[in-house]
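For the sequence shown, the numbering used here gives the first residue as 1, with consecutive numbering after it.
A virtual CB, placed ideally from N, CA and C, is assigned to each residue, including glycine.
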Amino acid sequence: MSYRIITDSAADLPESFISEHEVTVLPLMVNWRGNEHADRTVDLDEFYQSLAAGEVAKTAQIPIHEFDAYFREFAKVGQPIIYIAFSSGLSGTYQTAVMVAEQIREDYPDFDLTIIDSKSATLGQGMIVMKAIQLMEKGASKSEVEEAVHFYVDHIQHIFSVGNLDYLCRGGRLSKASAVVGTMLNVIPILHMTKDGKLEKIDQVRGRKKLLKKLIETCSANGAGHANREFAFVYSPDVKEESEKMQKMAKEKYEGTILAARELGVVIGAHTGNQLHSMFFLDIEDPYFR
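What follows is the structure in structure tokens.
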């Protein structure tokens, strides 16, 4: 039986891609204004305006019973699955999925489910998923796609900035020591994702006028200048126009292709605030798509 590739909403996949390729996306949850919502089911503008006004939203991984329902449905029909999961360095989603899979195999010992820690988030994770699905549709076997996914996990780069580090620190995604810069007047931190899927501050810039140029320079320093230049961008609604400028700058500098660009979902956004810029790319030539 042919296999399927699934993911979760932390990947921020474009709706058009989800629809065209019939991708199963498991939703993470956000508790906002006293109610629990699935990712991508609340108004983004209203949500980010509330964060800017000081409201707090709390996030949760996919509930165990939801994982069980999704996985068990595939197990019953013998459907082989690759699940590309949100970074274990930022969420317990991956570990929960592994635990549930072990429980289901007690009833379905032959269930062919591979769970891969993307060590990524938003369209970093999304680019891995998109490339994996494209390889599958080209006829690659399940094991071949799994090998490719591990390659992409090792080489996907995340470069991003936030208005300040308070949201990340408050949500436990960054240490308080790293957040000191957030208190400095007019200083914008620049971060990346480490190889183990955690966040790390790597630079800073004074003033928004210098921000976009600095982000592009940081991408160059992290391997953005090779062949097969494909990029993805995710941004908070408040900085959409700035992101469009940065996309244009990247295309001109690298003569690259924009694989995807979209607004940030609410689960990741609850931890970044309303001024996120992010850029994703491979730091080496893609051997699977030359």
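Between the segment 72–84 and the segment 35–55, do three or more beta carbon pairs fall short of 8 Å?
No contact exists between the segment 72–84 and the segment 35–55.
CA-CA distance, Leu-44 and Val-266?
Approximately 7 Å between the Cα atoms of the pair.
Exposed or buried, which one is Ser-220 when buried takes at least 16 other CB atoms within 10 Å?
Residue environment for Ser-220: exposed (fewer than 16 other C-beta atoms within 10 angstroms of its C-beta).
Applying the 10 Å Cβ sphere with the 16-neighbour rule, what's the burial state of Ile-62?
The residue is buried, with at least 16 neighbouring Cβ atoms inside 10 Å.
If we call anything under 8 Å between Cβ atoms a contact, is Gly-124 one with Ala-260?
Taking 8 Å as the Cβ cut-off, Gly-124 and Ala-260 do not qualify as a contacting pair.
Am I right that Leu-191 and His-277 are in contact with their C-beta atoms under 8 Å? What's the rounded C-beta distance?
A Cβ-Cβ separation of about 11 Å leaves Leu-191 out of contact with His-277 under the 8 Å criterion.
With contact counted as at least three CB pairs below 8 Å, one residue from each stretch, are the segment 238–250 and the segment 129–136 in contact?
The segment 238–250, when compared against the segment 129–136, does not touch it at the 8 Å Cβ threshold.
One or two residues paired with Glu-217 in a DSSP bridge
For Glu-217, no pairing in a beta bridge is given by DSSP.
For Ser-88, the three-state DSSP class (helix, strand or coil):
Residue state, collapsed to three classes: coil.
What first and last residue would you give for the alpha helix (DSSP H) that runs through Tyr-48?
Element bounds for Tyr-48: 44–52.
If we count the other Cβ atoms within 10 Å of its Cβ and call it buried at 16 or more, is Ile-6 buried or exposed?
When all chains shown are included, Ile-6 counts as buried.
Along the chain, where does the beta strand (DSSP E) that runs through Glu-200 open and close?
Per DSSP, the unbroken beta strand (DSSP E) holding Glu-200 starts and ends at 199–206.
List the endpoints of the continuous beta strand (DSSP E) containing Ile-156.
Start and end: 156–161.
Give me the Cα-Cα distance between Ala-101 and Tyr-70, rounded to the nearest whole angstrom.
If you draw a straight line from the Cα of Ala-101 to the Cα of Tyr-70, it is about 10 Å long.
Collapsed DSSP secondary structure at Ser-9 in the structure displayed:
DSSP places Ser-9 in helix when its eight states are reduced to three.
Exposed or buried, which one is Thr-41 when buried takes at least 16 other CB atoms within 10 Å?
Exposed, because fewer than 16 other Cβ atoms sit within 10 Å of the Cβ of Thr-41.
How far does the beta strand (DSSP E) with Arg-290 in it reach, from first residue to last?
It is not in any beta strand (DSSP E) - Arg-290 carries neither H nor E in the DSSP assignment.
Considering only the beta carbon of each residue, do Asp-12 and Val-234 sit closer than 8 Å?
Against a cut-off of 8 Å, the Cβ pair of Val-234 and Asp-12 comes out as a contact.
Using a Cβ-Cβ cut-off of 6 Å (strictly less than) and excluding sequence neighbours within five positions of Lys-198, which residues of its own chain qualify?
Within the same chain, Cβ atoms closer than 6 Å to the Cβ of Lys-198 are found at Gly-89, the five residues on either side in sequence being excluded.
What residues in its chain sit with their C-beta under 6 Å from that of Val-145, if we drop five residues either side in the sequence?
Within the same chain, Val-145 has close Cβ partners Ala-132, Leu-135, Met-136.
Three-state secondary structure (DSSP) of Lys-58:
Annotated three-state conformation of Lys-58 is strand, per DSSP.
Please classify Gly-269 as buried or exposed, where buried requires at least 16 neighbouring CB atoms within 10 angstroms.
With 16 or more other Cβ atoms within 10 Å, it is buried.
Under a three-way DSSP split, which group does Arg-294 fall into?
Residue 294 lies beyond the stretch modelled for the chain, which goes from 1 to 290, so this question has no answer here.
Residue from Leu-282, Glu-244, Glu-66, Ala-85 with nearest C-alpha to Gly-223
With distances taken between Cα atoms, Gly-223 lies closest to Leu-282.
With a threshold of 8 Å on Cβ separation, who are the neighbours of Asp-117 within its own chain once the five nearest residues in sequence on each side are excluded?
Only Ala-85, Ser-87, Ser-88, Tyr-94, Val-153, Gly-197 meet the Cβ criterion.
Would you kindly work out how many angstroms separate the C-alpha atoms of Glu-241 and Glu-200, rounded to a whole number?
Taking the straight line joining both Cα atoms gives about 26 Å.
Provide the residue span of the beta strand (DSSP E) that contains Asp-117, from first to last.
113–117 is the span of the beta strand (DSSP E), which, as asked, contains Asp-117.
Whole-angstrom C-beta distance between Arg-229 and Thr-257, which should lie under 8 Å
That pair is a contact at about 7 Å.
For Leu-211, which beta-bridge partners are listed by DSSP?
None; Leu-211 has no bridge partner.
Mind checking Glu-263: buried by the 16 CB within 10 Å criterion, or exposed?
So Glu-263 ends up on the buried side.
What does DSSP give as the partner residue(s) for Tyr-83 in the beta ladder?
Answer is Ile-6, Ile-115, bridged to Tyr-83.
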